[in-house]
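Data block below; observations after.
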Amino acid sequence: MSTSGTGKSIARTAATGGDLDPDFLRWSTSLPVDRRLLEVDCRGSVAHVRGLEAAGLVSPEEARTLVDALESLPGKVARGEVSLREDEEDVHMAVEAWLSEEVGAVAAKLHTGRSRNDQVATDLKLWCRDAVEQVEAGIDEVLAAAKAWIAHHGEVPMPSYTHRQVAIPALGRVWLEGAIVAGLRRDRTLLAAVRQELSSSPLGAGAIGGTTLPIDTSITAAALGFGRGPDNPIDAVGERDHALTLLFVCARIGLHVARLSTDVIELSSDGLVRLGGAIAGGSSMMPHKRNPDMFELLRGQAALRQGELVALLSTFHGLGSGYFRDLQQDKEIVFRAVDGTLDVLRMTALGLRHFEPVEDACLSALIKGDAIATDLCEALVAAGQPFREAYGVVGRLVVQQREAGRRLADLGSEELVALGLDDAAIAELELRRSARRRAARFA
Ligand code: ARG
């Protein structure tokens with residue numbers, strides 16, 4: 023195992039003013055965080071070497087030496103054959119230090135016309151591009167699990183709620199689509215905006231003003247799969263809009279999952295859904311408990327996503343144009359948000375496979391909650407009554423029935439005929455039919 027290095031950082035000159043205080047270096051290095059960028063950093067460097075080669079700044083042989091070494095490094099580190107020097111300021115310096123040990127003098131040409139400012143901006147964009155793909159895949163997994171849930175339970179009539187009071191019968195599929203599917207679909211669509219913001223490569227922007235060397239940024243951009251090089255070098259090294267938009271999407275996914283979670287927590291508390299043992303929590307004291315721990319944890323994650331979004335926004339707040347070292351902290355926040363989101367999506371898909379509606383309990387709740395009241399009112403409207411009159415009639419009926427210890431569902435057909443309804447209208451006042459009729463209007 024090689025741990026390369028001379029002990030002296032290569033990003034310092036006589037003008038920098040001597041060696042860094044070791045404690046400051048330990049505190050300020052981004053290596054513990056940005057070593058995750060090793061693979062994209064090497065990819066970015068390979069593209070840069072291609073640009074140098076095309077510009078005649080390195081020979082084809084030199085390019086091959088550099089590219090071979092750079093391409094081999096992530097695998098070597100993963101296999102434990104190489105460990106990067108710990109006493110470097112960041113992954114970029116650690117790679118260059120390793121390279122100079124590995125290939126000798128030619129390594130001194132790698133950083134030609136480049137700065138860590140455009141390098142790290144490029145790395146983060148490459149990392150976020152992979153992250154977008156993974157988040158999309160995670161959303162797709164949840165959507166597939168939701169589809170399977172709907173195939174099994176989509177026709178079960180469940181109570182819908184306003185203000186946590188039973189409102190109107192809803193089919194299981196209408197509930198689940200409203201609670202999570204529709205929102206996640208929009209989140210997925212919004213990721214296209216992140217892709218859009220990831221379409222230009224920062225490489226070639228240098229530290230802030232590009233380079234006088236004839237490096238063609240369209241070559242390096244194309245080698246990395248970007249549509250074009252930097253439009254403006256000052257913007258390219260300082261902007262992280264793609265990461266902000268990505269974290270906004272992560273925060274919104276968090277909210278959508280939290281919304282489903284609250285529904286499941288409340289439905290399970292009322293016995294309207296049953297949680298599988300695979301995802302339920304127990305109590306260390308109360309032997310009868312089957313708790314919705316998974317959904318409480320998922321709901322709690324939304325708070326973390328909002329914190330990360332605000333942390334990233336605040337990191338940029340007050341910065342002028344161009345690069346500042348504050349930006350180093352963006353990666354920790356972005357990694358945590360994306361990791362958390364991928365975990366949440368995976369657990370949401372698992373959760374969806376482990377709870378089901380309890381049909382009898384749903385029907386009882388619909389009856390007990392007089393969920394058919396609005397249907398009855400609308401049946402009277404269809405029979406010719408003005409809405410406000412019918413609304414008053416049904417309201418009085420609800421009170422009468424309850425005072426008699428009954429519910430609207432206990433009204434006999436003579437009573438309904440007396441209200442002016444015919445047999446066909448009375449037949450529609452059935453909970454499942456009500457839920458289906460309503461659902462059909464949104465199909
Ligand atoms: N570790 C730094 C970061 O993550 C790399 C860029 C350093 N640039 C500089 N001018 N010091 O942002």
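Residues in the sequence shown are numbered consecutively from 23, following my numbering. For each residue, glycine too, the CB sits at the ideal point set by N, CA and C. These numbers come from a predicted model, not from an experiment.
Once you ignore the five residues that flank residue i on each side, which residues in its own chain have a CB closer than 8 Å to its CB?
i: Gly249; result: Ser221, Ser222 and Ala243
i: Ile497; result: An answer regarding residue 497 cannot be provided, because it is not within the stretch 23 to 465 covered by the chain.
i: Ile32; result: Met115, Glu118, Ala119 and Ser122
i: Met23; result: At Met23, the pLDDT of 41 sits below 50, so the modelled position is not reliable and the matter cannot be decided from this model.
i: Ala449; result: Arg455
i: His278; result: Ile202, Gly205, Leu206 and Asp209
i: Gly29; result: Per-residue confidence for Gly29 stands at a pLDDT of 48, beneath the threshold of 50, marking its modelled position as unreliable; the derived number appears in the next sentence. If we look at Gly29 and ignore the five residues flanking it on each side, its Cβ neighbours are Asp109.
Quick one: what does DSSP say residue i is sitting in, helix, strand or coil?
i: Thr28; result: Summary for Thr28: the model assigns pLDDT 45, below 50, so the residue's position carries little reliability, and this model does not support an answer.
i: Thr134; result: coil
i: Arg107; result: coil
i: Pro82; result: helix
i: Gly303; result: strand
i: Met308; result: coil
i: Met23; result: Per-residue confidence for Met23 stands at a pLDDT of 41, beneath the threshold of 50, marking its modelled position as unreliable; the derived number appears in the next sentence. Met23 falls in the coil class under three-state DSSP.
i: Arg250; result: strand
i: Leu193; result: strand
i: Glu450; result: coil
i: Phe377; result: strand
i: Gln422; result: helix
i: Ala457; result: helix
i: Thr35; result: coil
i: Ser291; result: helix
i: Val178; result: coil
i: Thr184; result: strand
i: Arg429; result: coil
i: Ser221; result: coil
i: Arg463; result: coil
i: Leu95; result: helix
i: Arg262; result: coil
i: Leu297; result: strand
For the ligand ARG, is there any heavy atom lying closer than 6 Å to the beta carbon of residue i?
i: Arg466; result: One cannot answer for residue 466 here, as it falls past the ends of the chain, which runs 23 to 465.
i: Arg107; result: no
i: Gln351; result: no
i: Asn254; result: no
i: Arg138; result: yes
i: Ser52; result: yes
i: Asp348; result: no
i: Asp63; result: no
i: Asp257; result: no
i: Val356; result: no
i: Val196; result: no
i: Asp112; result: yes
i: Val142; result: yes
Flag this pair as yes or no: are the beta carbons of residue i and residue j separated by less than 7 Å?
i: Ala100; j: Glu110; result: no
i: Ala300; j: Glu330; result: no
i: Ala85; j: Pro236; result: no
i: Leu92; j: Val68; result: yes
i: Met268; j: Val188; result: Here residue 268 is Leu; the residue named in the question, Met, does not match the sequence. No, Cβ-Cβ distance for Leu268 and Val188 is not below 7 Å.
i: Pro252; j: Gly231; result: no
i: Ile241; j: Gly126; result: no
i: Trp171; j: Leu385; result: no
i: Asp145; j: Gly66; result: yes
i: Gly391; j: Pro181; result: yes
i: Ala167; j: Ala371; result: yes
i: Ile355; j: Leu341; result: no
i: Arg57; j: Val113; result: yes
i: Val403; j: Ala412; result: yes
i: Glu378; j: Arg296; result: yes
i: Lys311; j: Val55; result: no
i: Cys399; j: Ala265; result: no
i: Ser336; j: Gly260; result: no
Grab me the residues of residue i's own chain with a C-beta within less than 7 Å of its C-beta, minus the 5 sequence neighbours each way, in chain order.
i: Ile394; result: Leu430, Ala431, Leu451, Leu453 and Ser456
i: Leu213; result: Val154, Val157, Glu158 and Val271
i: Ser26; result: Residue confidence for Ser26 is low, a pLDDT of 42 falling below 50, so the modelled location carries little weight and cannot support an answer.
i: Val128; result: Glu84, Thr87 and Leu88
Between residue i and the rest of its own chain, which residues show a CB-CB distance below 6 Å, the 5 nearest in sequence each way excluded?
i: Pro466; result: Past the boundaries of the shown model lies residue 466; the chain is included only from 23 to 465, so the question cannot be answered.
i: Ala461; result: Leu193 and Val196
i: Val415; result: none
i: His376; result: Gly298, Ala300 and Ile301
i: Ala447; result: Ala401
i: Thr51; result: Glu111
i: Leu438; result: Ile448
So that I know if they touch, is there some Cβ in chain C lying closer than 7 Å to that of residue i?
i: Gly228; result: Within the model displayed, chain C is absent; a lone protein chain is all it includes.
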